[in-house]
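Take a look at the structure below.
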Amino acid sequence: MPHYTTKAIRTIALVGHGAAGKTSLAEALLHGAGAIKNKGMVEKGNTVCDFDSQEKSIGHSLQSAIVHFEHENALVHLLDTPGYPDFAGQAIAALEAVETVLVVVNAQTGIELMTERMLRWARERKLCTMIVINKIDADNLDLPGLVADIRTRFNGLVLDLPAHGAKEVVEVLAHDSGMADFGSVAEAHNELIERIVEEDMALLEKYLEEGVEPKPSEIHSPFESALRAGFAPILFTSVRTGAGIKELLHVIANLAPNPTEGNLPPFYKVQPDGSMETFQAEPDPDKHVLAHVFKVVSDPYMGKVGIFRMHQGTLKQDAQLFVGDAKRPFKAAHLYQLQGKDFQEVDALIPGDIGAVVKVDEIMFDAVLHDSHDEDYIHLKPMRFPPSMTGLSVETKRKGDEQRLFDILDKLALEDPTFIIERRPATNETVIMGLGDAHLKAKLEKMVSQYKLEVDIKPPLIPYRETISQPAEGHCRHKKQTGGAGQFGEVFLRIEPLARGEGIEFVDAVKGGTIPGAFMPAVEKGVRQALDFGVVAGFPVIDLRVTVYDGKTHAVDSKEIAFVTAGHKAVIEAIRAAKPLVLEPVVDIEIIAPETAMGDITGDLSAKRGHITGTDSHSPGRMLISGKVPLSELTDYQSRLNALTSGRGHYAIELSHYAPLPGPLQQQLTSGFKLKEEDQ
9 MPHYTTKAIR TIALVGHGAA GKTSLAEALL HGAGAIKNKG MVEKGNTVCD FDSQEKSIGH
69 SLQSAIVHFE HENALVHLLD TPGYPDFAGQ AIAALEAVET VLVVVNAQTG IELMTERMLR
129 WARERKLCTM IVINKIDADN LDLPGLVADI RTRFNGLVLD LPAHGAKEVV EVLAHDSGMA
189 DFGSVAEAHN ELIERIVEED MALLEKYLEE GVEPKPSEIH SPFESALRAG FAPILFTSVR
249 TGAGIKELLH VIANLAPNPT EGNLPPFYKV QPDGSMETFQ AEPDPDKHVL AHVFKVVSDP
309 YMGKVGIFRM HQGTLKQDAQ LFVGDAKRPF KAAHLYQLQG KDFQEVDALI PGDIGAVVKV
369 DEIMFDAVLH DSHDEDYIHL KPMRFPPSMT GLSVETKRKG DEQRLFDILD KLALEDPTFI
429 IERRPATNET VIMGLGDAHL KAKLEKMVSQ YKLEVDIKPP LIPYRETISQ PAEGHCRHKK
489 QTGGAGQFGE VFLRIEPLAR GEGIEFVDAV KGGTIPGAFM PAVEKGVRQA LDFGVVAGFP
549 VIDLRVTVYD GKTHAVDSKE IAFVTAGHKA VIEAIRAAKP LVLEPVVDIE IIAPETAMGD
609 ITGDLSAKRG HITGTDSHSP GRMLISGKVP LSELTDYQSR LNALTSGRGH YAIELSHYAP
669 LPGPLQQQLT SGFKLKEEDQ
């Protein structure tokens, strides 16, 4: 059994924009806690968290990494996450495993795109957050201005302050006087105490009536309560000099919530009638085991690795576990905790622990592991991942490697919830979808370096969609006689457009049994096949209702395949009569760039059918530009942005909506498309 209890555990995710120093901070915390002898450097490729060969070569994180250390009687599970928007999927998934998020801010560049986005995702999950301003030893900083910005945006108060030219920091909880590089230690101390005692009526009364401040032993509970309410304390560090590392370790061990605290993880249980009921996992080691898989890795030596957060019960070696709603268990023959790339075997895991099992084929991302059928149908509310909007068509260089390509792509998709594989039958293409060019480039490089498979790629593909603009009807009488038993099925249906985002509705309105109920799933299958394939340009059809209202059968010749075909062809006929059109994805774009380049950037976007929705001062000399622009106009946008800003701008996108393509572009996409004869 572990020598620690659940109340001694802390789970922490390091998040923030790229180059904020998260991996270096993780290294400094490991070194400061004595978990490693020598502190590695990202530039030298010898850190514990960036152990992948790709990460070493490019100098930044591509995936989340898990480490742990002990400090001041606390066991800390620390997750280091990527900071660039293209790799946000790994960072978002890590939020499902922790109580506390440390948002790391680069003191030189201030609040950046992923800083705000990650903090927003963390707060949607109701996680406790702290802000760590890193690189406080850099030149030409405006730390007072940055602190004021954080306080305004994120409800923050300083928990410590730089002192002696940023060579060290002074804790303001433990000191009510002293010198700091800016601000007043006494004022910061009083402001912090006042905020903390607001969470405890007894402490508040003593403070207001007698002027008695809470003792150190009384601080944790109201401090943790303030964190749950959205309070975001601000800390300062310099990984290079070590300033603030000791103080940050102390805060993590003594003030961060343990798994019995924090806001409850949003589990729910699906009831027999299909309704969902809130389920409360209890961090009790004596309850049934309940764990959530937040990361899956295909390791060349360990096989499929499922990495999970323990929420309930005690998991011991050789335990029998169910994956999700599966009826047959697997045996957890070995249990591990991770230290970067190293697997450290353990005897047991308790609530709050982050552990791993290997060589379990059934394990999938977002699965719930449990040891009793009492916990069947329990799920964790999934995180909201940004849509994958950048695509490439891939095919093998060598004939005969097609199956191997699919196997490798499946493994890559297994590891990353934002890496999507699409098979497009209309164009006979295999398409990989990701969050950006860098995301897809990293996957392609991994295919070569780890799996030794090279592929040919075509220019980025845009995920267009098809829809209809008016109601219409379709009919197909499928009759085929080849000697002996034939095929017969007849379908009448109508279609009508739905509002954007409503998807596909299939309605069975047949009366009198003209199409027996046993054949209706076959009709729906044929309809959905046609919609997935596309009718006018080869892209999936969205946002319409299909109502089957009549049909005919034959006592001998009617069979499922006949109604699949009839449904397929009837809906194609209806769509062609419903004034179909092609939709294009329009994205929200946020750009942070030097204010001197604002005119060039807005002009460039306007020339690309985009429009600006807002501009705002972001930090000294830098602007935040917001807008909407068709995704097709952003091919290789980072290169254009680099040219406009001398390499000092960056951007992030997220799907806004689908809109009709302009007429000439509609014609370009539809004119060259023709359904195969068997689909017509």
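Quick note: the sequence shown uses our numbering, first residue 9, plus one each step.
Built from N, CA and C at the ideal position, the CB exists for glycine as well.
If you're wondering where the values come from, they're calculated on a predicted model, not measured in any experiment.
What number of angstroms, rounded off, separates the C-alpha of residue i from the C-alpha of residue j?
i    : j    : result
L469 : S401 : 7 Å
A364 : E35  : 22 Å
F571 : M528 : 8 Å
A601 : Q458 : 36 Å
L652 : T610 : 11 Å
D355 : H11  : 11 Å
A41  : A210 : 35 Å
L121 : T245 : 21 Å
G494 : F547 : 33 Å
Q328 : A264 : 33 Å
L323 : H79  : 24 Å
R536 : P267 : 45 Å
G3   : L632 : As shown, the chain starts at 9 and ends at 688. That puts residue 3 outside it, with no answer to give.
K460 : K454 : 9 Å
L298 : L167 : 35 Å
Q325 : I20  : 25 Å
R617 : P293 : 58 Å
C57  : H665 : 37 Å
R648 : T123 : 23 Å
Going by DSSP, which residues form a beta bridge with residue i?
i    : result
E353 : Y344
C484 : V499
T14  : Beta-bridge pairing links T14 to no other residue.
P668 : L591
G399 : M441, L469
T19  : H85
Q320 : L298
Three-state secondary structure (DSSP) at residue i?
i    : result
G497 : strand
Q328 : strand
D8   : This structure cannot settle anything about residue 8, because the visible part of the chain is limited to 9 through 688.
F77  : strand
V579 : helix
V106 : coil
T249 : coil
S477 : coil
I597 : strand
V50  : helix
M631 : strand
V155 : helix
T621 : strand
P224 : helix
A234 : helix
F59  : coil
V564 : coil
Y309 : coil
I141 : strand
Should residue i and residue j be called a contact, given that it needs their Cβ atoms to be closer than 8 Å?
i    : j    : result
E338 : A105 : A small fix is needed here, since residue 338 is Phe in this sequence, not Glu. No. Outside cutoff.
A289 : P273 : yes
P394 : M441 : no
N7   : A115 : With the chain covering only 9 through 688, there is no way to say anything about residue 7.
E474 : V518 : no
L506 : L552 : yes
P433 : T14  : no
R502 : Y557 : yes
L388 : V376 : yes
D464 : E403 : yes
P425 : F373 : yes
A194 : V178 : no
G24  : C136 : no
Q674 : V590 : yes
May I ask whether a heavy atom of the ligand SAH can be found less than 7 Å away from the beta carbon of residue i?
i    : result
V166 : Ligands in the displayed structure: none, and consequently the ligand SAH is not present.
Strictly under 8 Å for the Cβ-Cβ distance: is residue i near chain C by that measure?
i    : result
E410 : Of the chains in the structure shown, none is chain C; there is only one protein chain.
Sufficient close CB pairs (3 or more, under 8 Å) joining the region 214–233 to the region 187–204 | yes
Could you say if the region 550–565 and the region 620–633 meet the contact criterion of at least three C-beta pairs nearer than 8 Å?
-> no
Taking one C-beta from the region 161–171 and one from the region 228–246 each time, how about it: are there three or more such pairs within less than 8 Å?
-> yes
If we count Cβ pairs, one from each stretch, closer than 8 Å, do we get three or more for the region 576–585 versus the region 507–514?
-> no
Please confirm if the region 65–76 is in contact with the region 93–102, defined as three or more CB-CB distances below 8 Å between the two stretches.
-> yes
Okay, do the region 419–433 and the region 122–138 touch, 3+ Cβ pairs below 8 Å being the bar?
-> no
Counting pairs of Cβ atoms below 8 Å between the region 307–318 and the region 364–378, do you hit three or more?
-> yes
Cβ contact check for the region 631–648 and the region 591–599: 3 or more pairs under 8 Å = yes
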